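The next block holds one structure in the form of structure tokens; read it before the comments.
Residue numbers (the numbering used here): 8 to 196.
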């Protein structure tokens, strides 16, 4: 009697679906990198255009976090059959007369668990501070000041200012990895 061949463990695990509340290739790629570096599972990561329901250039922690949360939540509502939903929102804030840039990450799963983290902050040059304070979105200001095109879908301000040492994808990936802690340490959260 012939026994059926055993499938290896990798084949037995189904791929998990992660929906990112943006089609920005940087946000999709950093999400893919964070999930695959934290977990042994296999993931399919897809971007989805959803409304953050905050201004195009969020200001302050509350508005920026709200935008990230809204993106994750809207993704979950639009594609409920996924396993995880991710919201990433970049923001700025004033520290005295200077302006800092940062981003918030929110990750939700089907069991109601939420992971959250914020990137490191960095100070923007005065020229960017002025353009953003006057109402321009940071990505647009980057393009104008540094003669770039659609920089927010590549290196972003952090990539431009560090001359590529820190890419926008790597910058976001670290915070996404931190937001995954509750899913990695389920017994503690």
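Built from N, CA and C at the ideal position, the CB exists for glycine as well.
Since this is a predicted model, take the numbers as computed values, not measurements.
At the level of alpha carbons, what is the spacing between residue i and residue j?
| i | j | result |
| --- | --- | --- |
| residue 16 | residue 107 | Its pLDDT being 43, under 50, residue 16 is placed unreliably by the model, and nothing is read from it. |
| residue 194 | residue 188 | 11 Å |
| residue 67 | residue 46 | 32 Å |
| residue 86 | residue 76 | 15 Å |
| residue 191 | residue 56 | 27 Å |
| residue 184 | residue 49 | 16 Å |
| residue 21 | residue 104 | 51 Å |
| residue 136 | residue 102 | 11 Å |
| residue 123 | residue 186 | 5 Å |
| residue 149 | residue 111 | 20 Å |
| residue 90 | residue 117 | 6 Å |
| residue 10 | residue 160 | In this prediction, residue 10 scores a pLDDT of 45, lower than 50, which makes its location untrustworthy; no coordinate-derived value is stated. |
| residue 109 | residue 64 | 12 Å |
| residue 156 | residue 145 | 13 Å |
| residue 172 | residue 99 | 21 Å |
Start and end of the alpha helix (DSSP H) containing residue i?
| i | result |
| --- | --- |
| residue 181 | 175 to 186 |
| residue 27 | It is not in any alpha helix (DSSP H) - residue 27 instead sits in the beta strand (DSSP E) that spans 23 to 27. |
| residue 123 | Looking at the DSSP string, residue 123 is not in any alpha helix (DSSP H); the run it does join, the beta strand (DSSP E), is 121 to 125. |
| residue 81 | 67 to 85 |
| residue 57 | Here residue 57 belongs to no alpha helix (DSSP H), and DSSP marks it neither H nor E. |
| residue 42 | 32 to 45 |
| residue 160 | It is not in any alpha helix (DSSP H) - residue 160 carries neither H nor E in the DSSP assignment. |
| residue 137 | 133 to 140 |
State buried or exposed for residue i, treating a residue as buried only when at least 16 other CB atoms are found within 10 Å of its CB.
| i | result |
| --- | --- |
| residue 130 | exposed |
| residue 18 | Low confidence applies to residue 18: its pLDDT is 48, below 50, so where it sits in the model is not reliable enough to give any reading. |
| residue 60 | exposed |
| residue 180 | buried |
| residue 82 | buried |
| residue 39 | buried |
| residue 113 | buried |
| residue 127 | exposed |
| residue 176 | buried |
Tell me where the beta strand (DSSP E) around residue i begins and ends.
| i | result |
| --- | --- |
| residue 96 | 91 to 102 |
| residue 153 | First-last for residue 153: 145 to 153, but that is the alpha helix (DSSP H), not the beta strand (DSSP E). |
| residue 172 | Element bounds for residue 172: n/a, residue is neither H nor E. |
| residue 108 | 105 to 116 |
Measuring only from the beta carbon, is residue i closer than 8 Å to any heavy atom that is part of the ligand ZN?
| i | result |
| --- | --- |
| residue 175 | This structure lacks the ligand ZN; in fact it carries no ligand of any kind. |
For the region 93 to 103 against the region 21 to 39, do three or more pairs of beta-carbon atoms, one drawn from each stretch, fall closer than 8 Å, so that the two count as touching? Enough Cβ pairs lie closer than 8 Å, so yes.
Should the region 23 to 30 be regarded as contacting the region 70 to 84, the criterion being three or more beta carbon pairs within less than 8 Å? yes
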